[in-house]
Amino acid sequence: METVLSGIRSTGQLHLGNYFGALKNFVRMQHEANCFFFIADYHSLTTHPDPANLHDNVRSILIEYLAAGLDPDVATIYIQSDLPQVAELSLLLSMHAYLGELERTASFKEKVRKQPGNINAGLLTYPVLMAADILIHRATRVPVGKDQEQHLELTRRFARRFNQIYGVEYFPESLPYNFNQELVKIPGLDGSGKMGKSEGNCIYLSDEDSVIRKKVMKAVTDSGPTEPNSPMPDVIANLFTIMKAVSTPDTLSYFTDKWNSCEIRYGDLKKQLAEDIIKTISPIRERIKDISSNEAYLSKVVKEGAEKARVSANKTLSEVREIMGIKPF
Ligand code: TRP
Numbered sequence: 001m002e003t004v005l006s007g008i009r010s011t012g013q014l015h016l017g018n019y020f021g022a023l024k025n026f027v028r029m030q031h032e033a034n035c036f037f038f039i040a041d042y043h044s045l046t047t048h049p050d051p052a053n054l055h056d057n058v059r060s061i062l063i064e065y066l067a068a069g070l071d072p073d074v075a076t077i078y079i080q081s082d083l084p085q086v087a088e089l090s091l092l093l094s095m096h097a098y099l100g101e102l103e104r105t106a107s108f109k110e111k112v113r114k115q116p117g118n119i120n121a122g123l124l125t126y127p128v129l130m131a132a133d134i135l136i137h138r139a140t141r142v143p144v145g146k147d148q149e150q151h152l153e154l155t156r157r158f159a160r161r162f163n164q165i166y167g168v169e170y171f172p173e174s175l176p177y178n179f180n181q182e183l184v185k186i187p188g189l190d191g192s193g194k195m196g197k198s199e200g201n202c203i204y205l206s207d208e209d210s211v212i213r214k215k216v217m218k219a220v221t222d223s224g225p226t227e228p229n230s231p232m233p234d235v236i237a238n239l240f241t242i243m244k245a246v247s248t249p250d251t252l253s254y255f256t257d258k259w260n261s262c263e264i265r266y267g268d269l270k271k272q273l274a275e276d277i278i279k280t281i282s283p284i285r286e287r288i289k290d291i292s293s294n295e296a297y298l299s300k301v302v303k304e305g306a307e308k309a310r311v312s313a314n315k316t317l318s319e320v321r322e323i324m325g326i327k328p329f
């Protein structure tokens, strides 16, 4: 069975794009593989070292994961900083990570541009810590977006290098996992390509129905088709892409026909779209509320998740120490 590991940086609330792009697939995947889902709070410190928000951000992702259907009795769900083994493995791996390759990483170069006042060592060694996250469970599959592919490539490089230096076949190849084309990319409501927090165009899993309606009604449209069967401009195609994810095939073909016959009324389309988004989100939002008020449950999930994760973390770390020559007296 594959060992799958997924990490998410704790920098805020999850939105519809996160749900269809990842979470919904995770819920299915947890029954098909040995799954680890963790929240990367150490990684957040490279850009958001804010003690006032860190805990709440971690907490809200944990709650949203559970509300969306990740089951702590099925998968291993934990917080990165609950596994000090990860920090130690990162230190050990850093001895074979070269300054040049870390400086050349696209994400590092981007941060150098974006936060010139805080080019900290954590940013430089970010890919080493990420490799430690993955290799601590010797994961063979890692669901990642495009922006993380280079980091995963570095993980494989560090793993190969470790195996080569020490003459072992210890770390596996950690490959990307792309859900067999089932990945749905949810566009923004503002005509932009992608729903994203930094784009400010999100529908959040915690949004109330009225907020969802308001956001959808404000979505950017055009002046409408003038000829039958004309190609859709991106802003309209985006709405149909979201509709494809949340609505029934009948609804989708109804509005597609209306577009093709130039009879489409964007007001009707948006009303229907809003209601169908609400059907997806409102049950999750209600569970978010329930779980949020259940501190005992949350702390039990976190404690038991860390205990489960530590079993494989301890095993890997003691084997790595042994391989590297760190031995007990
Ligand atoms: N770097 C990832 C991101 O920003 C988060 C992450 C940290 C991660 N460690 C990981 C993802 C390990 C997958 C595996 O999205």
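Everything in the sequence shown is counted per our numbering, starting at 1 for the first residue and increasing by one.
Where is the CB? At the ideal position from N, CA and C, for every residue including glycine.
Treat the numbers as computed from the prediction; the structure is a model and nothing was measured.
Annotation note: the region 139-170 contains the following uninterrupted alpha helix (DSSP H) runs of length 4 or greater, listed N- to C-terminal: 149-166. Runs of the alpha helix (DSSP H) lying entirely within the region 168-253 and spanning at least 4 residues, in chain order: 209-217, 234-246.
In the same chain as residue 23, and ignoring 5 residues on each side of it, the C-beta atoms closer than 6 Å to its own belong to 68, in chain order. Its chain contains 246 as the residues whose beta carbon lies nearer than 8 Å to that of residue 279, once the 5 sequence neighbours on both sides are disregarded; these appear in chain order. Under the DSSP assignment, residue 4 falls in the beta strand (DSSP E) whose first and last residues are 3-9. Around the beta carbon of residue 31, a 10 Å sphere encloses fewer than 16 other beta carbons of the protein chains shown; the residue is thus reported as exposed.
Taking residue 53 as reference, the option from 205, 88, 12 with the minimal CA-CA separation is 12. By the CB criterion at 9 Å, residue 291 and residue 66 fall inside the cutoff.
Cβ contact annotation for residue 193 (same chain, cutoff 7 Å, sequence separation greater than five): 187, in chain order. Between residue 76 and residue 308, the C-beta spacing is below 9 Å. Shortest gap from the CB of residue 29 to any heavy atom of ligand 1: 8 Å or more. For the 9 Å CB-CB criterion, residue 177 and residue 141 form a contact.
Between residue 72 and residue 301 a beta carbon distance of about 5 Å is seen, short of the 8 Å cut, so the two are scored as contacting.
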